[in-house]
Every structure is written in structure tokens, then in C-alpha cells.
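S.K.: For the sequence shown, position 57 (counting from the first letter as 1) is numbered 56 according to numbering that gives the first Met the number 0, and the numbering increases by one without interruption.
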Amino acid sequence: MLDQAEIDRLKQFHAAHFPHQTTPKLANRSEKQRQTTSVAPESDCDELGFYEDGTKRTLTDAQIKMFRHSEIQRLLSERRAAQQMEKKRQKRMHAGNRHKAVASEGSRQFDDAFPEQGQELDALMYDDESVSQANSQATPRSFLWPKLG
């Protein structure tokens with residue numbers, strides 16, 4: 000797999016970059032070891048058998064059941080999320096319609112028309128406040144000093 004020069008180079012690299020750690024033991028595996036390890040996984044697959052169409056099985060029935068279960072759970076969670084998003088959208092639409100209805104029936108609409116003769120506009124006058132209340136006597140101003148100590 001790796002020749003001795005490559006192993007020596009890897010050991011030098013490890014020693015240079017990781018001085019406080021022990022150098023791992025890198026060794027070539029013999030050809031016999033490589034053959035035995037490559038045969039073992041195939042024997043596991045043979046134990047699973049074959050499908051009806053001749054395809055070799057790679058998953059056990061328990062693994063297939065687990066994958067199906069996780070896929071069903073993913074689909075259900077996506078469906079729940081979509082339903083929640085639809086409910087939120089419907090709720091926002093309903094709240095928006097209700098807000099428009101309340102705004103149109105109870106509030107005053109502003110227009111750019113000039114005030115009638117005899118009425119003066121005050122920048123601090125509220126819309127719901129009548130003109131007579133706006134012209135009432137002014138309140139005296141007083142400053143409240145904070146208490147220290």
C-alpha cells in the first residue's frame with residue numbers, strides 16, 4: 000500500500016507538526032492481510048441474500064424499517080410545518096381584514112382640505128379634541144428638581 004519512503008515522510012511530518020504527541024505506527028500490510036479484509040465484507044452481503052430481481056441485498060430488514068420510519072417522520076414534520084405556516088397566513092389575513100374594518104368604521108379620515116372659516120389649526124391639537132378644549136387656558140409650567148442625597 001505505502002512504500003517505506005512514504006511512511007518515513009509521514010512520520011517526519013507528524014513529528015514536525017505534532018511534537019507533543021506520539022508518532023503513530025504506520026506499517027505496510029501484507030498482501031495476504033489485504034485479501035482477507037477485502038473478502039470479509041462480501042461474505043456479510045452474501046448472508047443478506049438477493050432480491051427477486053437478482054440484486055444483492057445491502058441492508059437488513061431492520062435497517063430498511065428504520066429508514067422508512069425516518070422518511071415517514073420527515074414527511075409528517077414537513078406537512079405539520081406547512082399546516083402551521085398556512086394557519087399563520089390565515090391568521091394574519093384575518094387580523095389584517097379586521098384591522099381594516101375597525102379603521103374604516105371608527106376613525107377619522109384625514110384629507111388635505113383647508114379648515115373652515117373661523118377655525119385655527121394648532122399643530123399640537125389632537126383630532127379627537129374639540130376646538131373649545133384646545134383653546135382653554137394654558138397650564139402653568141413648573142420644573143421639578145430631583146432630590147439629591
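Here a beta-carbon is modelled for each residue, glycine too, at the ideal position from N, C-alpha and C. These numbers were taken from a predicted model, which means no experiment stands behind them.
Classify residue 66 as helix, strand or coil using the three-state DSSP reduction.
M.R.: Here residue 66 sits in helix by DSSP.
S.K.: Beta carbon of residue 22, beta carbon of residue 10: below 8 angstroms?
M.R.: The answer is yes: Cβ separation under 8 angstroms.
S.K.: To the nearest angstrom, how far is it from the Cα of residue 84 to the Cα of residue 96?
M.R.: Spanning the two alpha carbons is a distance of roughly 18 angstroms.
S.K.: Quick one: what's residue 151 bridged to in DSSP?
M.R.: Outside the displayed span of the chain (0 to 148) sits residue 151, for which this structure offers no information.
S.K.: Skipping 5 residues on each side, what residues in its chain have a beta carbon closer than 8 angstroms to that of residue 49?
M.R.: Closer than 8 angstroms at Cβ, skipping near neighbours: 55 and 56.
S.K.: Quick check: the Cα distance between residue 13 and residue 5, rounded to an integer number of angstroms?
M.R.: Their Cα atoms are separated by approximately 12 angstroms.
S.K.: Output the distance between the C-alpha atoms of residue 46 and residue 16, rounded to the nearest integer angstrom.
M.R.: When rounded, the distance between both Cα atoms is 45 angstroms.
S.K.: Distance, Cα to Cα, residue 62 vs residue 70?
M.R.: Approximately 12 angstroms, taken between the alpha carbons.
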